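Okay, structure first, notes after.
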Amino acid sequence: YSDTLQDLSRISGAPSYILLLYLMSKQNELEMSDENLNDIIKCLITFFVRRNVTDIPNTRKLTQLFMDIIGEVKLLKGTSIVKVIHDRLEEISAPDVIFEEKLRGPIYDENPDAARFVLCSIEACHQTKEIYADLWSRDNSKKYVWTIEHIFPEGENIPTPWVNMIADGNVALAKQYRENYVHTIGNLTITGYNQNLSNMSFKQKRDRTSKDRTKNIGYKNGLYLNNDVVNQEEWTVDKIQDRTNTLVKTLMFMYAW
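Letter by letter, the sequence shown follows residues 4 to 260 in our numbering.
Shown next, in the form of C-alpha cells:
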C-alpha cells in the first residue's frame, strides 16, 4: 500500500497518521490483512479529498476525530474495523450536494493543492507504461515540474486574442467570464511547461512545441486530461462548462462513499 500512502500524504492526510500508526502497530492483534489496511487508506484519501475541497469538517476537529475512531475500533477485528472507519468518515464528511457544488466552483482559487491532486488523480487512472509521466516529480528547486495551467489565462490583463474569442471583443464581458470561470476545473489542465504557455492564444497553447520542434509541450502533450481540449478550434465559456460537467462527474464517481 505504498502508493496509496503516498497519495494520502499528497492530499494532506497527516492528521490521520495517528490512526494508521495504531492500526499498523497492532495489525496482527486486530487480525487485519494488508488489503484491509489498503481499504482504510483509500477511505482516508476519499475523506481528505472531500474535506479539502469543502472544508468540512473543520481542521481543528480532525485530531479528536481520529482519536475517537481508535477508541471505537480497539475491540473489533478485521473487516469490522474497515466498516466502522468507512461509516464514521462518511458520516462526518460533507454530503454529495456540497461536494459537487464546491467541485463546480472556483476550486483552484479556494484550494490549489486539492485542485492539483484531483486533476493528477484523474490523469493517473489513464496512464499506461507507454504514456507515463511522474506528475509529482520536482526540479532542483523542489518545485513541481508538472503544474496547473489555466487554459483561459488567469491574469487580469486579458490578451486581445482571448477577448475576441471568448467575448467577441467585449472587454467587460471577457472580464466577467474570467471572474466566473477561470478557476473552475473545466478551465484547468496540467502541463510541464506552464511558463511557456500562460498568455498565448488558444491555438498557440494547443500546438506549442519545444524549440527543436521534437516535443509537443502544449495541449498535445499526450495527457488524457487534454483529450477534450486538443481537438477544439476555440475555447469558449460553453466548452469550459462542458468540460467542468465531465470532470465533476468523474470525480463524484472516484470519490464517492
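Backbone N, C-alpha and C define an ideal beta-carbon position, used for all residues, glycine too. Note that the structure is a prediction, hence the values are computed from the model and not measured.
Out of 38, 101, 122, 62, which has the shortest C-alpha to C-alpha gap to residue 82?
38
Just the Cα atoms here: how many angstroms apart are residue 208 and residue 254?
26 Å
Looking at C-alpha atoms only, which residue of 231, 243, 127 is the closest neighbour of residue 187?
243
Below 8 Å on the Cβ atoms is my guess for residue 221 versus residue 210; work out the distance and round it to an integer in Å.
6 Å
Looking only at C-alpha atoms, which of 85, 238, 58, 212 sits nearest to residue 190?
238
With a Cβ-Cβ cutoff of 9 Å, do residue 17 and residue 53 count as a contact?
no
If you drop the 5 nearest sequence neighbours on each side, which residues of the same chain put their C-beta closer than 8 Å to that of residue 177?
Result list for residue 177: 161, 165, 166, 169, 170, in chain order.
So what does DSSP say about residue 209, is it helix, strand or coil?
Residue state, collapsed to three classes: helix.
Between which residues of its own chain and residue 85 is the CB-CB distance below 7 Å, once the five residues before and five after are set aside?
Within the same chain, 39, 42, 43 come within 7 Å of residue 85 by CB-CB distance, once the 5 residues on both sides are set aside.
If you reduce the DSSP assignment to three classes, tell me which class residue 79 lands in.
coil
May I ask which residues mark the beginning and end of the beta strand (DSSP E) holding residue 152?
150-153
Buried versus exposed, by CB contacts within 10 Å (16 or more), residue 256:
It counts as exposed.
In chain order, what residues of the same chain lie with their CB nearer than 7 Å to the CB of residue 138, ignoring the 5 residues before and after it?
Around residue 138, the same chain offers 123, 126, 149, 193 as residues with beta carbons nearer than 7 Å, after the five sequence neighbours per side are excluded.
In this structure, how does DSSP classify residue 147 when only helix, strand and coil are distinguished?
The three-state secondary structure of residue 147, taken from DSSP, is strand.
So what does DSSP say about residue 62, is it helix, strand or coil?
helix
Leaving out the 5 sequence neighbours to the left and right, which residues in its chain are closer than 7 Å to residue 228 when beta-carbon positions are compared?
122, 125, 126, 192, 193
Could you tell me whether the Cβ atoms of residue 72 and residue 22 are closer together than 9 Å?
Yes, the pair counts as a contact, with Cβ atoms nearer than the cut-off.
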